Amino acid sequence: MTNFIYNPKSPVADEFICHAEIVESIKFAEEHKNDKELLAQILSKAKEEKGLSHREALILLINDMPEINRQIEDLAKQIKLDFYGNRVVLFAPLYLSNYCVNGCTYCPYHAINKNMPRKKMTQDEIRDEVVALQDMGHKRLALELGEHPQMNPLEYVLESINTIYDIKHKNGSIRRVNVNIAATDEASYSKLKDAGIGTYILFQETYNRERYEKLHPTGPKHDYNRQTEAMDRAMRGGIDDVGIGVLFGLSTYLYEFTALLMHVEHLKAVFNVGPHTISVPRLRPADGINPALFADCISDDIFVKIVACLRIAVPTAGMIISTRESKETRERVLQLGISQISGGSKTSVGGYSHPQEEDKDSAQFDVCDNRTLDEIVYWLLKNGHIPSFCTACYRKHRTGEQFMKLCANKSIHHFCHPNALLSLQEYLTDYASEATKALGEKIIAQEVAKLPEQSAKFVTQHLQDIKDGKGRDFYL
Ligand code: SF4
Ligand code: SF4
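Last residue of the sequence shown: number 595 in the working numbering, and the count goes up by one each step with no gaps.
This is how it looks when you write it as structure tokens:
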């Protein structure tokens, strides 16, 4: 591999995700493993809650001293509380089409999987799915579809976004559509922005070029530069909220962790805006995919530690886990920094409106947490979290740099908490079981009592409006 100079400001993939810098960082961290003095310095810096560099965070991740690990967990919990409070935002993925021209070896949607029934929803079928999602109580979706220029052109995505925003069924509405589509060009990103998307999400899968090219042998996704530089094009196209992530298990976790943080540093250096979210999926079993074939799968304990170290390194990025993770793992990482989770998810095309017919073979991965949204809401409440269906920020134009400033100085709380309580009340009034409603309303009353006077007044008035059926969608 050619040697590149590490330059976080460079637009060239191999310069901001510089292989030599990653290798050197891992070597440095291994040499300084359990260096008490250095660890104390890093932890002291981390306590300022302004983040860490990739090398500093890696040194925390690599240490194996129980006392230091306890401090890492405590600090991650504190940062979670200071930036995100006890709230957890809920969303659902919506799979529009599983046609795909790529050859990703870890994904059952890859082009040569002939066992995979291919489906692409019509606008009418999307309506059915969205009505089913609204009837569950969802307000925020993440659109998912394979890359297929003929079957899934951008026009199809734009039309689908329009359809989704237009559906008003009973008291339901989808108020934020995040989009996870293949890397594309600046002009297409501008069109997505104009369509009113929330966050553009694209996982790198693996930052290790050699592994990347092997795991993506065919199709346009084979192009490592296209994938790695996509967020730059998205930002230049006007999308200022981007979500990054890797699929842990495709390469060594030390490599991915370091590179992920270098990507954060690059976005900050060039656009003055870090990622809006970081997702931390792990390889899961799926049709024709055996995770045992991938030597770099990570244990639950390592996974939990990665979440804690990311929380400390990038306090301003929301962190997302999906239903790939079990209830038990979700419980552990929610404390340590996860701020968004999916609930009641179906990972197949058409799975919400036809659950009885859901063809398991068309799912992208096996869901590990199969609970309903109501069960998830109840569980979150029972565990001291406030489930939130808030979608306020992008509708109030709090995006990009403006959002990051509010987040960095921790004043986003003043919006998030009232909005969480109001959106939760909507859920309780319109969709919840009796048990969830009773518990939720009790907890809302306790939380309102802790709000500053003006917010408490705003929230109290609109909580009543929701209960009285006088309106929905109140937010700051
Ligand atoms: Fe297609 Fe995405 Fe699956 Fe790759 S990961 S095969 S691009 S759907
Ligand atoms: Fe997210 Fe903004 Fe709502 Fe807070 S106020 S939960 S940051 S959309």
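Every residue, glycine too, gets a C-beta built ideally from N, C-alpha and C. Just so it is clear, the structure is predicted and the values come from calculations on it, not from any experiment.
- L264 and Y214 have their C-alpha atoms spaced approximately 6 Å apart.
- For E266, the Cβ falls inside the 7 Å cut-off from some heavy atom of ligand 1.
- Sequence-distant partners of G456 (beyond 5 residues in either direction) whose C-beta falls short of 6 Å from its own C-beta, in its chain, are A195, K199, V426, R430 and M438.
- The DSSP-derived three-state label of H533 is helix.
- Ranked by how close their Cα comes to the Cα of K424, the residues L177, K152, E167 and S144 have L177 in first place.
- Linking K238 to Y218 through their CA atoms gives a straight-line distance of about 7 Å.
- Following the DSSP letters along the chain, one finds M438 inside the beta strand (DSSP E) bounded by residues G437 to I440.
- DSSP places E263 within a strand segment (E or B) once states are collapsed to three.
- When only Cα atoms are considered, S481 and C512 end up about 34 Å apart.
- The alpha helix (DSSP H) runs of length 4 or more contained entirely in the segment 126 to 176 are, from start to end of the chain, 132 to 135, 138 to 150 and 155 to 165.
- If you draw a straight line from the Cα of S279 to the Cα of K146, it is about 47 Å long.
- Around I283, the same chain offers V249, I293 and V296 as residues with beta carbons nearer than 6 Å, after the five sequence neighbours per side are excluded.
- Relative to ligand 2, R517 has its C-beta within less than 7 Å of a heavy atom.
- Secondary structure within the segment 295 to 336: the beta strand (DSSP E) runs of 3 or more consecutive residues, fully enclosed, are 295 to 299 (chain order).
- The C-beta distance from T435 to G393 rounds to 6 Å, short enough to fall under 8 Å.
- Remark: the shortest separation between the CB of I531 and any heavy atom of ligand 2 falls under 7 Å.
- Counting C-beta pairs with one atom in each stretch, the segment 555 to 565 and the segment 220 to 231 have fewer than three that are closer than 8 Å, which means they do not touch.
- In the structure shown, I457 falls within a coil segment according to DSSP collapsed to helix, strand and coil.
- DSSP, read as helix, strand or coil, puts I283 in helix.
- A Cβ-Cβ distance of about 6 Å is found for the pair A211 and G463, placing them in contact under the 8 Å criterion.
- For T396, the beta-bridge partners assigned by DSSP are G362 and G437.
- Shown in chain order are the residues whose CB sits closer than 5 Å to a heavy atom of ligand 2: C509, A511, C512, F534, C535 and N538.
- With a threshold of 16 other beta carbon atoms within 10 Å, N153 falls short and is exposed.
- Short note on H229: C-beta closer than 7 Å to some heavy atom of ligand 1.
- For A301, the shortest C-beta to heavy atom distance toward ligand 1 is below 7 Å.
- A straight-line Cα-Cα distance of about 49 Å links I136 and G590.
- For F210, DSSP records a beta bridge to S461.
- Within the same chain, Cβ atoms closer than 6 Å to the Cβ of N290 are found at D549 and R591, the five residues on either side in sequence being excluded.
- In this structure, the beta-carbon distance from Q483 to C226 falls below 8 Å.
- Take the alpha-carbon of E375 and the one of N182: they are about 17 Å apart.
- Taking C-alpha positions only, N538 is separated from R451 by approximately 25 Å.
- The alpha-carbon separation between G317 and A139 amounts to approximately 35 Å.
- Listed as beta-bridge partners of P506 by DSSP are V207.
- A contact between stretches requires three or more CB pairs, one per stretch, nearer than 8 Å, and the segment 511 to 530 meets this requirement with the segment 350 to 369.
- The beta carbon of G338 sits closer than 6 Å to those of V220, N221 and G222, all from its chain and outside the five residues before and after it, given in chain order.
- In this structure, L402 lies away from L379, with their beta-carbon atoms at least 8 Å apart.
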